[in-house]
Each structure stands twice: as structure tokens, then as C-alpha cells.
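Have a look at the structure below before the remarks.
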Ligand code: MUC
Ligand code: MG
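Numbering (our numbering), first residue to last: 2 to 374.
See the structure below:
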């Protein structure tokens, strides 16, 4: 048997509490559910991946349970016995037989990259062509649902020197109340911070036309996914108004969406996410399309734990330009960790490890404790 053959793929669902309820337009999170992938090879190397979404099926087309079932029943039989060191061939084999399922694909590709990095003694960033920076700026999302609490939380983050970019989750509530909430937070935090909003598709175009203008007039730097992902021409019209920059998030469900949005001029910033594109390498293909079209980049998250966060980080550090920074704060939203060592956040940035693979190890006891029965 080939030394680098894949011998087994195990999926583990882990439920972890959040530090507070996290309210998005479509769902309020009380905890986060991670799907951990353990890909073991004949040479004894284990690659670790993560496929995580938000709110069951509230955000994307895959749930933690469907991700686990689909990897167990469909991905694993395709991959067992295949060469884990040839990531192109392994992912092509997956791509030929499995439509969509980008979240599951992302976790599998991450595990392959981690395994190969460990085998070669290289960080994943080097497998992806090499890093151009060692740290990444990290935004924090204010989503307690309460204006005063959000202001206090932002001030604490500034004092800790952990975050100075804040993203506000709006779109679920009454529009005038949402706008007042955002304006109050921006006024309290002042010009030393960047305040942005994520509407998570919550508005129709008529509301967005008025609301985006008010947000821009009040110093909001970036407006993420104001309207439905299906209303692409509406995104084009909003983008053409040249108010605050419009960022596409849910509009990008695959690399091909990135091309369509770029061609049509639907956004001036793209939120890049490994889960939405089908893995770190697929995400970098979307980034290349954006760069060629003159669209600025932002390192997004599906609020993954440490594994998915580091997989994203290793890919983001290879990008020439990341004008809008990242929001790789997922592990900081959780009260518990399943990694041996927590990720290092310092001076408003995340440090990306230089040790082989993703640069992490699992805490087996904590994983056993938090895994779903
Ligand atoms: C999203 O839509 O961007 C990212 C940060 C956060 O709080 O929610 C996510 C999802
Ligand atoms: Mg978003």
C-alpha cells in the first residue's frame, strides 16, 4: 500500500458554548457546533480539518449533521486508499462526484493540507505558495442586540488591544431602530475605529437605497450583504451609487459566483470564506478573480473554531492585498477550546503559526468531553 494513502476519515460533532448570545439577521446563536475531521494516513500522519456553519440550516445549505453524514457516506468512500499527498488529485476526485457541499469540501481540503504540511515539515501557508505577512488584523462583531452593551464590549476590546475594527450585525430589527443603534455606536467609538455593518440579506432594495445613504453619511466604512443574494442586479445598483463600499458575502456561494459578481460589478469588496468556496485553495481562486477585477478583499469567517480559523489564516497570509483585514475571531466567541494551545491574538492581530501543517494539536480530553454523543 502507498505510504501516504488515506486509511480512515473520522468526523466528530462538537458543541461549544458562546460567551453571549450572538444575534444575526437570520438566527441567534447560543452555542456553536463544529464538525472536526480527522484524516489518518498509512504513514501515521493525521490531518485535521473543520467544517463549520452558523445556525444549523439558517445560514447555508449544509448543517453540521448533513456535513457529518455526507463526509461519512459519500466523501470517505471516494477518498479511502487515495494518495493524501496529492491534494489536486484528491480534490478533483471529490469534485467529479460531489456537487456543492462546499463546507464539507473545505474541511476535507484543510485536513489534506494539514497532513501534507506535517509530512513535509512546512506550514500550510508555505504549501499555498508562501506567506507575505505573519499576522492578520482581526475585526470583532458586536451582536449582543443591545446598544449600550455593544459600546461597552467595543471599549473593552480597545483597552485589551484586541480589536479596533467593529462589525455590527443588523437587518433583523426595525430599520430606523437598527440605524439609530449603528449611529449611536459609531458616535461613541469615534474616528479611531472602523465601524462596519453586516445586514445578512435583511433588507429589500427599497429599504437599502435609503439606509445605505444614511449609513454612509454617518461614517460607516463598509456595508456587507445589504440585500438578498438572489437580487444581484440590486447589488449592482447599490454598488453603482458609490455610497459606502458594498461587500458581497452570501452572494458568493462558490468560485463561479465570484466571477459572475465581478463581471457584473455587484460589489467593490468580497468577503472571502474557505467554507463558501470549498476550501482554502478554492477561496484563493475566488481571491484571484477579485484581484483581477480590482475588487478589494476581506478575510471572512463562518465563526469557525481554532482549526477552521487557522486554515483560513494560512490562506489569507498568502494574499498580496487584504485591504479590509479579517474577522478571524471565531475562537474568541467560544468559552471553551478543543486545542492544546489557544490561538495568539496580540496588538489587534492574529499570529499565524510557522510550525508544520496548520500549527495546532487537539486536546483529546476536551474533545472527548465536548463531542456529541
Ligand atoms: C457573516 O455573515 O459574516 C461573521 C462574523 C459574524 O459575526 O458572523 C459571521 C457571518
Ligand atoms: Mg456576512
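In this text, a Cβ means the ideal position worked out from N, Cα and C, and glycines have one as well.
Residues in the same chain with beta-carbon distance under 6 Å from residue 72, minus the five sequence neighbours each way, listed in chain order, please.
Here the set comprises 12 and 105.
Suppose the cutoff is 6 Å on Cβ atoms and the five residues either side in sequence are ignored; what does the same chain contact list for residue 399 look like?
No information on residue 399 is available, as it lies outside the stretch 2 to 374 that the chain covers here.
Would you check if there are 3 or more beta carbon pairs closer than 8 Å linking the region 130 to 138 to the region 315 to 331?
Segments in contact, yes.
Between the region 113 to 120 and the region 146 to 159, do three or more beta carbon pairs fall short of 8 Å?
No, they do not touch.
Please classify residue 282 as buried or exposed, where buried requires at least 16 other C-beta atoms within 10 Å of its C-beta.
Result: buried.
Under 9 Å, do residue 258 and residue 301 count as touching if we go by C-beta distance?
No.
Pull up the CB-CB distance for residue 279 and residue 103, whole angstroms please, since I reckon it's below 8 Å.
That pair is a contact at about 4 Å.
Does at least one heavy atom of the ligand MG sit under 8 Å from the Cβ of residue 1?
No information on residue 1 is available, as it lies outside the stretch 2 to 374 that the chain covers here.
Assign residue 85 to one of two classes, buried (16 or more other C-beta atoms within 10 Å of its C-beta) or exposed (fewer than that).
Buried is the call here.
In angstroms with no decimal places, state the Cα-to-Cα distance between residue 140 and residue 3.
Whole-angstrom Cα-Cα distance: 44 Å.
Any residue with its Cβ nearer than 7 Å to a heavy atom of the ligand MG should be included. What is that list in chain order?
Qualifying residues, in the order they occur: 199, 201, 225, 226, 250, 251, 272 and 301.
Along the chain, where does the beta strand (DSSP E) that runs through residue 24 open and close?
From DSSP, the beta strand (DSSP E) with residue 24 extends over 7 to 25.
From 270, 183 and 308, pick the residue whose C-alpha is nearest to that of residue 361; which is it?
It is 308.
What ranges does the beta strand (DSSP E) occupy inside the region 128 to 212, keeping only unbroken runs of at least 3 residues that lie completely in it?
As far as the region 128 to 212 is concerned, its whole beta strand (DSSP E) runs of at least 3 residues are 136 to 138, 141 to 143, 166 to 170 and 195 to 199.
DSSP beta-bridge partners for residue 271?
Partner(s): 249 and 298.
Along the chain, where does the alpha helix (DSSP H) that runs through residue 2 open and close?
No alpha helix (DSSP H) holds residue 2; DSSP gives it neither H nor E.
Once DSSP output is grouped into helix, strand and coil, what is the label at residue 318?
Three-state result, residue 318: coil.
Report the three-state DSSP secondary structure of residue 30 (helix, strand or coil).
Strand, per DSSP.
At which residue ranges does the region 40 to 90 contain complete alpha helix (DSSP H) runs of 4 or more residues, listed in the order of the chain?
Complete alpha helix (DSSP H) runs here, min 4: 65 to 71 and 77 to 80.
Could you check the C-alpha separation between residue 240 and residue 222 for me, to the nearest Å?
Rounded to whole angstroms, residue 240 to residue 222 spans 14 Å at the Cα level.
Specify the secondary structure class of residue 310 as computed by DSSP and reduced to three states.
Residue 310 falls in the helix class under three-state DSSP.
Check whether the Cβ atoms of residue 323 and residue 298 lie closer than 9 Å to each other.
Yes. Within cutoff.
Do you know how far the Cα of residue 23 is from the Cα of residue 31?
Residue 31 and residue 23: Cα-Cα distance of roughly 7 Å.
With a threshold of 6 Å on Cβ separation, who are the neighbours of residue 144 within its own chain once the five nearest residues in sequence on each side are excluded?
Contacts found: 23, 24 and 170.
Please report how far the alpha carbon of residue 349 lies from the alpha carbon of residue 78, in whole angstroms.
So the alpha carbons of these two residues sit roughly 43 Å apart.
Can you list, in chain order, the residues of its chain whose CB lies under 7 Å from that of residue 357, leaving out five sequence neighbours each side?
118, 119, 122, 123 and 124.
Relative to the alpha-carbon of residue 19, which residue among 333, 353, 166 and 137 has its alpha-carbon at the smallest distance?
Selected option, being the one with the closest Cα: 333.
Let me check understanding here. Comparing Cα to Cα, which of 43, 202 and 28 lies closest to residue 59?
Closest by alpha carbon: 28.
When DSSP labels each residue in this structure, what does residue 350 get in the three-state scheme?
Residue 350 falls in the strand class under three-state DSSP.
Answer with buried or exposed for residue 201, where buried requires no fewer than 16 other C-beta atoms within 10 angstroms of its C-beta.
Label assigned to residue 201: buried.
Write down the C-beta distance between residue 108 and residue 63 rounded to the nearest angstrom, noting that I regard them as a contact closer than 8 Å.
Not quite, the Cβ-Cβ distance comes to about 10 Å (not below 8 Å), so this is no contact.
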